[in-house]
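If you read the sequence shown in the working numbering, its first letter stands for residue 2, the second for the next number, and so on. Here the structure is laid out as structure tokens; the discussion comes afterwards.
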Amino acid sequence: MESPLRIGWIDPKQMVTAWDWRPIFHLSPAMYLERLGAHWSRLGGSAECLDGWRVSSNPASVAYDERVEMAPIYRMRHVGDTQLLTEAKHWEAPVVVGEPFCVRPNDVLVRKVGKVGAAPVNELHRRHPVDANVAIVRGLEPAMALWVAYCLNRPLYRAYLERLEGMTNLPRVGLKQLGSMPVAPPPAGFGEFARRYAQYLMDFDQAQDRLSRLRGEVGSWVGERFADYKDFMSLALDARRWCRFEPEDLVEVLLISVMEQRYLARRLRQEGAALPLTKLASVNPRHPTVEHEFGCKVLRISDLDDHLGIATHLAEREDVAWRVQRRPVKRFDVLVSTFAAESRVAFAAASMGECVLPTEQLVTLCFHHHQGAYALLMESALVQAQWQRLATGSMQRFVPPASVRQLVMPVLDSVLAEEWHERLVEILTARSKAQVNLQEAKQKMFDYYRSVHPAFEDEGLEAEQGVAW
2 MESPLRIGWI DPKQMVTAWD WRPIFHLSPA MYLERLGAHW SRLGGSAECL DGWRVSSNPA
62 SVAYDERVEM APIYRMRHVG DTQLLTEAKH WEAPVVVGEP FCVRPNDVLV RKVGKVGAAP
122 VNELHRRHPV DANVAIVRGL EPAMALWVAY CLNRPLYRAY LERLEGMTNL PRVGLKQLGS
182 MPVAPPPAGF GEFARRYAQY LMDFDQAQDR LSRLRGEVGS WVGERFADYK DFMSLALDAR
242 RWCRFEPEDL VEVLLISVME QRYLARRLRQ EGAALPLTKL ASVNPRHPTV EHEFGCKVLR
302 ISDLDDHLGI ATHLAEREDV AWRVQRRPVK RFDVLVSTFA AESRVAFAAA SMGECVLPTE
362 QLVTLCFHHH QGAYALLMES ALVQAQWQRL ATGSMQRFVP PASVRQLVMP VLDSVLAEEW
422 HERLVEILTA RSKAQVNLQE AKQKMFDYYR SVHPAFEDEG LEAEQGVAW
């Protein structure tokens, strides 16, 4: 379908003062924002726009810094819709400190390449560096930082920053361009709402922080309990090594990595330090099954986050061609990605509320008791070292579901297991509640936004973009 011909009257003064003479600019949302914000203050007038860390991980490069090997970094994928999407490593203590490219409270992080987006930083976020493809807007008051972050996620402001210049096909935001952008002043009453919204963000991040601490406790417990197997847990799969295997360690898959796992499992069972997974849980249980798959949602590997969680919005069964398991996800199920290189674990702390079928690229573990504790142990170095060694195939990237039954799990004291389970359920419940509050507050945020940003006047362009400006 061809785009409708766009016609508009351009004031001669605008032609003279504008930085772009092309019709595509003068008939775009970028110029609309310029006209709408003619009397608004510019972002650079009240804040400083900074670049991220320009560093190379190549030791031969002049931009190489050895700290990049260990430092967690906030990258473009971590800049969500008015929310910083952290990974587990971001809750570790900073390696790089005191640099201008390290985040500070009330900073706004802006994606500079491709689709623009922005997220505010609060006091709980660890002060790690940001990637060079992310800009930092610094010096705003808390309410204004939240307002700017939200505005930059709206299509009108994104279109202003995503305009193409020169011969490039990929938008890239410059600091000068970001600083010259007009920003509407927050409407009356926004300050009180901003404090409430910021509290919801803090509630969410406090849950993430508590989860990080709980994970650290579990990791320390495993490290101390299995200190004799430290080399096994830290040894890379491609490292040169030797070991004497017993005949029972040799299986139909003649890979040294698989034999190592069998060797470790046998040793731990003999020492009474671990139990077979099959004694603790059902692997991919088949009952109860659904009669009709259509009408259900599908849980894929990409729907598992880095914090034992499951995505809120899942694909419909009729929209996905993946083969799925027939048993829907139940409360306290533990789901594990079979992708060995970057295995993720999710824990269903609450009922899903609808029929959700996991794909066959996920393994469902139905533990008989203390499910949350074993979900945490599935992330531990001891279990993950086994998991990676069970991967097969030409690239050794996926773990066959049948091989999962060969895993052994540490023996847990029932009191400690119950404590870990209850803490994990409490943390994930609090995080889910905060996320619901944030989703509800975003609708109110849009109402504030619309009160100072009239609906986009060009209905044809609005329909073409498929969004409301």
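The C-beta atom is built at its ideal place from N, Cα and C for all residues, glycine as well.
Q | Close Cβ partners of H308 (< 7 angstroms) along its chain, the five nearest in sequence each way excluded | A | Translated into the one-based positions of the sequence shown, residue 308 becomes position 307. Cβ within range, chain order: A89, Q209, L212.
Q. How about V149 and C50: do their beta carbons lie closer than 7 angstroms?
A. Taking the sequence shown and counting its residues from 1, the one referred to as residue 149 is at position 148. Taking the sequence shown and counting its residues from 1, the one referred to as residue 50 is at position 49. Contact: no.
Q. In chain order, which alpha helix (DSSP H) runs of at least 4 residues are fully inside the segment 121 to 206?
A. 143 to 153, 156 to 162, 176 to 180
Q: Rank R214, Q389, V357, L157 by C-alpha distance to the C-alpha of R263 and give the top, closest one.
A: Reading the sequence shown from its first residue, position 262 is the one you call residue 263. That would be Q389, whose Cα lies nearest to the Cα of R263.
Q: Indicate the three-state DSSP secondary structure (helix, strand or coil) for M71 in the structure shown.
A: What you label residue 71 is simply residue 70 of the sequence shown in a count that begins at 1. M71: coil per DSSP, three-state reduction.
Q: Answer yes or no: do G118 and R127 have a C-beta to C-beta separation smaller than 7 angstroms?
A: Taking the first residue of the sequence shown as position 1, residue 118 is located at position 117. Taking the first residue of the sequence shown as position 1, residue 127 is located at position 126. In this structure, R127 does not lie closer than 7 angstroms to G118 by Cβ.
**Q.** Closest residue to G190 among M145, N154, P172 (Cα-Cα distance)
**A.** Here the question's residue 190 lines up with position 189 in the sequence shown. For the residues M145, N154, P172, the minimum Cα distance to G190 belongs to M145.
Q | Neighbour-count burial assignment, G372, 16 or more Cβ in a 10 Å radius | A | Sequence index remark: in the sequence shown, residue 372 carries index 371 (1-based). First, the residue type needs correcting, since residue 372 is Gln and not Gly in the sequence shown. Q372 comes out buried.
Q: Throw me the rounded Cβ distance for the T393 and P402 pair, which I believe falls under 8 angstroms.
A: Locating residue 393 in the sequence shown gives position 392, where the first residue counts as 1. Locating residue 402 in the sequence shown gives position 401, where the first residue counts as 1. Not quite, the Cβ-Cβ distance comes to about 12 angstroms (not below 8 angstroms), so this is no contact.
Q) Mapping DSSP to helix, strand and coil, what is K298? A) One-based indexing of the sequence shown puts residue 298 at position 297. K298 falls in the strand class under three-state DSSP.
Q. Can you check whether the CB of L44 is closer than 7 angstroms to the CB of M182?
A. For the purposes of this step, residue 182 is taken as residue 181 along the sequence shown, with counting starting at 1. For the purposes of this step, residue 44 is taken as residue 43 along the sequence shown, with counting starting at 1. Yes.
Q | Which residues DSSP lists as bridging A337, in chain order | A | The residue given as residue 337 occupies position 336 in the sequence shown. Here residue 337 is Val; the residue named in the question, Ala, does not match the sequence. In DSSP, V337 forms a bridge with V346, V364.
(Q) Given a cut-off of 7 angstroms on the beta-carbon distance, is the pair A72 and V96 in contact? (A) Residue 72 sits at position 71 when you count from the first residue of the sequence shown. Residue 96 sits at position 95 when you count from the first residue of the sequence shown. Their beta carbons are under 7 angstroms apart, which means A72 touches V96 by this criterion.
**Q.** Element boundaries [beta strand (DSSP E), containing S283]
**A.** Looking up residue 283 in the sequence shown gives position 282. That run of the beta strand (DSSP E) goes 282 to 284.
Q: Since I believe C367 is in contact with D334 (beta carbons under 8 angstroms), could you give me their beta-carbon distance rounded to a whole number of angstroms?
A: The sequence position of residue 334 within the sequence shown is 333, counting from 1. The sequence position of residue 367 within the sequence shown is 366, counting from 1. Yes, they are in contact, since the Cβ atoms of D334 and C367 sit about 6 angstroms apart, within 8 angstroms.
**Q.** Sequence-distant residues of its chain with Cβ nearer than 6 angstroms to L391 (five each side left out)
**A.** Residue mapping note: residue 391 aligns to position 390 of the sequence shown, counting from 1. Taken in chain order, the residues that qualify are Q262, V400, S404.
Q. Buried or exposed: which applies to V416, given that a residue is buried once 16 or more other Cβ atoms fall within 10 Å of its Cβ?
A. Within the sequence shown, the letter at position 415 stands for residue 416. With fewer than 16 other Cβ atoms within 10 Å, it is exposed.
Q. Which value, in whole angstroms, describes the spacing of the CA atoms of R196 and L202?
A. Taking the sequence shown and counting its residues from 1, the one referred to as residue 196 is at position 195. Taking the sequence shown and counting its residues from 1, the one referred to as residue 202 is at position 201. So the two alpha carbons sit approximately 10 angstroms from each other.
Q: Determine the direct distance from the alpha carbon of A435 to that of G140, and round the result to whole angstroms.
A: On the sequence shown, residue 140 is found 139 positions in, with the first residue counted as 1. On the sequence shown, residue 435 is found 434 positions in, with the first residue counted as 1. So the alpha carbons of these two residues sit roughly 27 angstroms apart.
Q: Reducing DSSP to helix, strand and coil, say where V437 ends up.
A: On the sequence shown, residue 437 is found 436 positions in, with the first residue counted as 1. Helix, per DSSP.
Q.
Please classify R332 as buried or exposed, where buried requires at least 16 neighbouring CB atoms within 10 angstroms.
A. Within the sequence shown, numbered from 1, the residue matching residue 332 stands at position 331. Result: exposed.
Q) Excluding five sequence neighbours on each side, which residues of the same chain lie with their C-beta closer than 8 angstroms to the C-beta of L176? A) Within the sequence shown, residue 176 is the residue found at index 175, counting from 1. Excluding sequence neighbours, L176 sits near C50, L51, D52, A136.
Q | Cβ-Cβ separation, P411 to L439 (assumed contact under 8 angstroms), whole Å | A | Translated into the one-based positions of the sequence shown, residue 439 becomes position 438. Translated into the one-based positions of the sequence shown, residue 411 becomes position 410. With 8 angstroms as the limit, L439 and P411 do not qualify as a contact, their Cβ atoms being about 36 angstroms apart.
Q. What residues in its chain sit with their C-beta under 8 angstroms from that of L153, if we drop five residues either side in the sequence?
A. For this step, residue 153 is matched to residue 152 along the sequence shown. Excluding sequence neighbours, L153 sits near V109, V111, V117, G118, A119, R159, L162.
Q) Could you give the C-beta distance for V346 and V337, rounded to a whole number, given that I count them as a contact under 8 angstroms? A) Within the sequence shown, residue 346 is the residue found at index 345, counting from 1. Within the sequence shown, residue 337 is the residue found at index 336, counting from 1. So it is a contact: roughly 5 angstroms between Cβ atoms.
**Q.** Local conformation of W54 per DSSP, three classes
**A.** Within the sequence shown, numbered from 1, the residue matching residue 54 stands at position 53. Note: W54 maps to strand in three-state DSSP.
Q.
Quick check: A185 and V453, are their CB atoms within less than 7 angstroms of each other?
A. As a working note, residue 185 is residue 184 in the sequence shown. As a working note, residue 453 is residue 452 in the sequence shown. Closer than 7 angstroms, so yes.
Q. Hey, G354 and R318 are a contact pair by Cβ (cut 8 angstroms); roughly how many whole angstroms apart?
A. If you number the sequence shown from 1, residue 354 lands on position 353. If you number the sequence shown from 1, residue 318 lands on position 317. Not a contact, Cβ separation roughly 16 angstroms.
Q.
Checking 7 angstroms against the spacing of the C-beta atoms, do L358 and V284 come in under that value?
A. Here residue 358 is taken as the residue at index 357 of the sequence shown, counted from 1. Here residue 284 is taken as the residue at index 283 of the sequence shown, counted from 1. It is not a contact, given that the beta carbons lie outside the stated cut-off.
Q. Per DSSP, which one or two residues make a beta bridge with P277?
A. By 1-based counting over the sequence shown, the position of residue 277 is 276. According to DSSP, P277 bridges with V409.
Q: Alpha carbon to alpha carbon, how far is I302 from R268? Give it in angstroms, no decimals.
A: Residue numbering aside, residue 268 sits at position 267 when the sequence shown is read from its first letter. Residue numbering aside, residue 302 sits at position 301 when the sequence shown is read from its first letter. Roughly 32 angstroms between the two C-alpha positions.
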